[in-house]
Amino acid sequence: MRVYKNILLIILCFHVLNINAQGLLFASEDSLLTQRTSLRPFPAEVPVFRDHFSIAFDLSLWDKANLGYVFDVLDKDNSYSLSYIYDLGRGYLNLNIDSKSNKIRIPLETALLKKKNWIKIRADFDLKGDAVTVTVDSTAYHADKMGFREEMPANLVFGKNPRYTEVPNMAIKDLYVGNEGQHFFFPLDEWSGNSVHEAGGSVIGSVENPVWLINESFFWKPVYAESFPAVAGLNFDPLRQDVFIFTGDSLITYNPDLRRVSAMTYANKLPVKMVLGKSIFNARENKLYLYELFDEPRGAPSVASLDMDSGSLKWTPIGKTVLPGQLHHHNIFYDDSQHRFYLFGGYGLYSYHNAFLSYNDSTDTWDKVAFTGDTICPRFFSATGPSDKPGEILLFGGYGNESGSQVVGGKQYYDLYRINLNDHSIKRCWSTTPPDKSVFVPANNLVLSPDKRFFYALCYPHEVAKTELKLYKFSIADGSYEVVSAPVPVTSMRIESDINLFYSERTEEFFCAIQEFADRQRSMVRLYTLAAPPVPVAVYLRSLQPATRPSLRWMWWLILAPLAVGSWWLFRPRVRKPAIAPPETAPPAPAVIQQNAIYLLGEFAAFDREGRDITHLFSPKIKQLFVLILLNSLDGKGIVSKKVSAKLWPDKDVAKSKNIKGVTFNHLRNIISDIDGVELVFQNDTYSFTLGEAFICDFCVLTEAIRHRPESLTGYLHLLTRGPLLPDMPEPILDHHKTAFEEQLIDLLLPAMVHLYDTRELKTALEVAKLVLTLDAFNEEALKYQLRIYRRLKGIEYSRKAYDQFTQDYERSLGVAYHVSFDKILQ
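To get this note's numbering, take the position in the sequence shown, counting from 1, and add 2.
In structure tokens:
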């Protein structure tokens, strides 16, 4: 019997259903008390376990300063906590009977205390035997005389709890609570909000002040930006795993561990006059090699090295050679076996190039090197990086043509080559065509995936001045690909502008380094980070769907079926009906349209005519402007120009707000030009939107239903359950719109709820009751029907627990006890 229990627990704990749970990051002692994170898996209906149960999860700890509480379990007579403390240079986990004694002290190796280093934690509560076992990875620690009763509710809280507010720097994922009779699994793979889903898809838990880690793997995070009056170059140090920028007089370093920028002055003057600032890092020598190919004063140094080993940062001139013309956007890579670096391709003198050039320091020349095998057509804007085989370089994509002459035009290449530096041969792997007819080129560098089956590349349409970068993941085997990040806006007005992709193995994050040139001298350097592994866009888009996730419970039993066939008689007498019955499966909600669509309920989202997510283009001020005009356009009146200025720029006089208003309107026009069915009109000093059938807006759809088809409102629950109207825009200018909208909804939803209940459409009636309570937390009519439905679907105890939670919230918020008894409200 115990073997089968363990197999069940292992299957549940290791989450074999391929769910990409990223985890929940806790705001800790570094945050204000009111901003610290608290996770309650069972905030209302707490399951009760008999004889035994387990709590298992993955834990990441990197705190080397604070005391904090990982979790706390409250029983009738005692509470039990797993706390953490860093003491005398080492971290410890402690299992405690709160306010009484420490039962287990577990030392943690310093190497484990690292962000994204996941430690498997499992606490087995033997209620019948009055003992507990805590397993950290594969090491078990045991304690008895815990004071357990044979039955215990899982009053479980992670992080800040009613007893303790101290929270360490930590993150958790893949949380399991249960035994063989009832079990709950929380992937903690949410993107936003305060609700926590069980693996079956239903919302069970809640969290205060969450930081969802999955966002760090999809949205690029800006970490550095600086303008320079002269040309500056940048590169990545693979030894120290940091990004550095070299200017005319100093080296600026970004440390990803500390998220800190530092600068150090050179020991001597930079001997090379930078034009493009191209470079390559030689890890074997721990030196940076800076080179310029053209536009150098004849006889002046064009190649120099910076010694980064001693810390003295001394420049050494290497050579003075230059080429007849510039090679813009060429590739550079290092040959470890021959200890020399190569250049490939590039654009200059109205030509695309495909020659391999190697620098010869003994003769101070760029020597042409012949390669056999397949020919790579002349091109620039290619990307190179390490191969999955030693002694090889991968080269992907670019822009050019077979002849090399710019006169005949160019095209994008989506092909992959293996360049063997040992025998100087080239092999073409594949050529593909983007299935969505998109057009892009890669930035300079490729990053190989840990399993060496894929490579990552930053791609963008280079011919568009104001565009956006996205991270792509390509299969080395066949060229299939997917986009795995949100976009990063970039401005490429000049050919000198440059983009690089780097990867830090130590911090497990990508770096997007952008150099934007305003002219030949002045440039802006911007640096972004993205946590690995990156998240596909398709996964993110699915997360925006308001429908509940499909139930996975049947998969668990499908996995366990072979075991159950042979031993059903062992399990059958011991399996009990769960204390909390699973909710009935809701019918699938209508799909949320992701073309020519803008959503105002819940998290703001926008999609253009191609289905691309353009939410990021709506800065806070542009979003305010769009919403203000839209809300005033639905009655056909629009909003006068002076009123726009007064509401959005109240602190500026008309003259000063004119320029900034003009710029903001131009940005808005550019954004909506990619959305069909919405046009900005300015007439009689009034702004308004003309809306066509192609344009979809959830608020517009619902407003239309409220006005003309109120009986159809419950058919739009997939929109209504996205959340309240513009929750991230608390501006007073929208208050009356929000209030009027919510009042209209409540007035229509309450009678609809009653009708659904009377016609026994209980699932839909329950959804409507929950929706009303999100709009009006203490609506007694909605509460009454919610409790009645719970009683009919799940039993009287479930209904009572929901009532108790409501009364607690009521008294906490309003300062007085709720006046209607449970029995009376159910009459």
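Yeah, the Cβ is synthetic: ideal placement off N, Cα and C, and Gly gets one too.
Quick one: what does DSSP say residue i is sitting in, helix, strand or coil?
i    : result
T716 : helix
A142 : strand
Y268 : coil
E404 : coil
F230 : strand
M755 : helix
Y542 : helix
F46  : For the sequence presented, residue 46 should be read as Ala rather than Phe. In the structure shown, A46 sits in coil (DSSP, three-state: anything other than H, G, I, E or B).
A357 : strand
D338 : coil
A742 : helix
L158 : strand
S635 : helix
K322 : coil
S219 : helix
K1   : Outside the modelled stretch of the chain, which goes from 3 to 829, sits residue 1, for which no answer is possible.
L736 : helix
Q597 : coil
Which residue marks the beginning of the beta strand (DSSP E) containing residue i, and which one marks its end?
i    : result
K122 : I121 to D128
K105 : S103 to L110
I247 : D244 to F248
T1   : Residue coverage of the chain in this structure runs from 3 to 829, which leaves residue 1 outside it and unanswerable.
H54  : H54 to L63
L253 : S252 to N257
N237 : G235 to D239
Y352 : First-last for Y352: undefined, no H or E at that position.
K468 : K468 to S477
N96  : R92 to I99
From residue i to residue j, what does the alpha carbon distance come to, in whole angstroms?
i    : j    : result
I616 : S714 : 30 Å
V48  : S40  : 16 Å
M755 : A771 : 7 Å
G411 : T716 : 56 Å
I106 : F519 : 60 Å
Y505 : K175 : 24 Å
W558 : A488 : Here W558 scores only 40 on pLDDT, less than 50, and its place in the model should not be relied on; the value that follows carries that caveat. When rounded, the distance between both Cα atoms is 33 Å.
V138 : I121 : 7 Å
Q46  : D730 : According to the sequence as given, residue 46 is Ala; it is not Gln. Cα-Cα distance, rounded: 26 Å.
P463 : L473 : 13 Å
S339 : T367 : 20 Å
N104 : Y86  : 12 Å
F824 : L785 : 11 Å
Q788 : Y800 : 11 Å
D678 : R611 : 6 Å
V537 : L816 : 42 Å
N446 : L670 : 32 Å
I798 : Y792 : 7 Å
G348 : D309 : 28 Å
H757 : N96  : 54 Å
So who's on the other strand from residue i, going by DSSP bridges?
i    : result
P224 : Y530
D376 : Note: D376 sits in no beta bridge, so no partner.
W432 : L418
P212 : F28
K289 : N284 and D309
E394 : N422
W193 : In DSSP, W193 forms no bridge with anything.
H185 : G180
H332 : Answer is none; H332 lacks a bridge partner.
Go to residue i, then tell me how far its alpha helix (DSSP H) extends in each direction, as first and last residue.
i    : result
F620 : No alpha helix (DSSP H) holds F620; DSSP gives it neither H nor E.
T809 : I798 to L816
T776 : L764 to L777
S647 : S643 to L650
T705 : D700 to H710
F824 : F824 to I827
Assess, as a yes-or-no matter, whether the stretch 698-714 is touched by the stretch 596-613 under the definition of 3 or more beta carbon pairs within less than 8 Å. yes
Specify whether the stretch 461-476 and the stretch 419-426 touch according to this definition: at least 3 beta carbon pairs, one from each stretch, less than 8 Å apart. no
The stretch 308-324 touching the stretch 436-452, judged by at least three CB pairs closer than 8 Å: no
Decide if the stretch 176-187 is in contact with the stretch 46-63; the criterion is three or more beta carbon pairs, one per stretch, under 8 Å apart. yes
For the 8 Å Cβ check, are there 3 or more pairs between the stretch 231-246 and the stretch 490-507? Here the stretch 231-246 lies against the stretch 490-507, with 3 or more beta-carbon pairs under 8 Å apart.
Is the stretch 142-162 touching the stretch 191-201, taking contact as three or more C-beta pairs under 8 Å? no
For the stretch 258-270 against the stretch 280-299, are there 3 or more C-beta pairs whose distance is under 8 Å? no
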